[in-house]
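One structure is given here, and the rest of the page talks about it.
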Amino acid sequence: MGYTLDDFGSLDALGQSFRRVLLAENRSPRTVETYGEAISQLSAFLETDGRSTKVSEIEAAQVRDFIARLLEIHKPATASNRYRALRRFFRWAHAEGEIDSDPMEHVKPPHVPETPVDVLSVEQQKALVKACEGVEFEDRRDMALV
1 MGYTLDDFGS LDALGQSFRR VLLAENRSPR TVETYGEAIS QLSAFLETDG RSTKVSEIEA
61 AQVRDFIARL LEIHKPATAS NRYRALRRFF RWAHAEGEID SDPMEHVKPP HVPETPVDVL
121 SVEQQKALVK ACEGVEFEDR RDMALV
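Residue 115 in my numbering sits at position 115 of the sequence shown; the count goes up by one each step and never skips.
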């Protein structure tokens, strides 16, 4: 993707540089994708609101607005995931001298409530144990795991 002089310092342009850093750090493809999505989503959010996407002009309030918007349409875990990705990105941009201060320095992560795991009923537990009965290797392995 070619950038113009006007794009210098934009989320999209610096996002590409950050992607190269993640690849050089041998981060997993999913991590690189997730971090890139967070940056792209923040950029789209700011553009939709008519705000600047220049990294040096992004403020904590704008990041909070973005996280709040995510919480309206996604689960808290998704918003938390995007928060962590953006936190890492802005720390990197600050360390690289791309920005004078990290706009997320005082932005707290969204609360992610614990979601209890469903417990098997007694009937389901009995059926699980029954399915593991037998003398074959797989049966014994499965029973040991259960």
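Heads up, the beta-carbon is just placed ideally off N, CA and C, and yes, glycines get one too.
Going by C-alpha distance, which of the options is nearest residue i?
i	options	result
D102	R88, D139 and A131	R88
E170	D12, S52 and I58	Outside the shown range of the chain (1 to 146) lies residue 170, about which nothing can therefore be said.
L15	S80, R69, A85 and L70	The question names Leu, but residue 15 in the sequence shown is Gly. Per the Cα distances, A85.
K126	V117, T115 and M143	M143
Please report the Cβ distance between residue i and residue j, rounded to the nearest whole angstrom; I am assuming they are in contact, meaning their Cβ atoms lie under 8 Å.
i	j	result
V112	A77	5 Å
I67	P110	6 Å
V148	L23	In the structure as shown, the chain begins at 1 and stops at 146. Residue 148 is therefore absent and cannot be evaluated.
V146	L120	Incorrect: roughly 11 Å between the Cβ atoms, too far for contact.
Taking residue i as part of the alpha helix (DSSP H), name the residues at either end of that continuous run.
i	result
K130	V122 to A131
R20	L11 to A24
T34	P29 to T48
I73	A60 to I73
R87	P76 to A95
R51	Neither: R51 is in no alpha helix (DSSP H) and is coded neither H nor E.
D142	F137 to L145
Using a threshold of 7 Å, is the CB atom of residue i nearer than that to any non-hydrogen atom of the ligand NAD?
i	result
D49	Among the components of this structure there are no ligands whatsoever, and the ligand NAD is therefore not found.
Any 3 or more C-beta pairs closer than 8 Å across the segment 122 to 139 and the segment 94 to 114: no
Touching or not, the segment 46 to 61 and the segment 11 to 25, by the rule of three or more beta carbon pairs under 8 Å? yes
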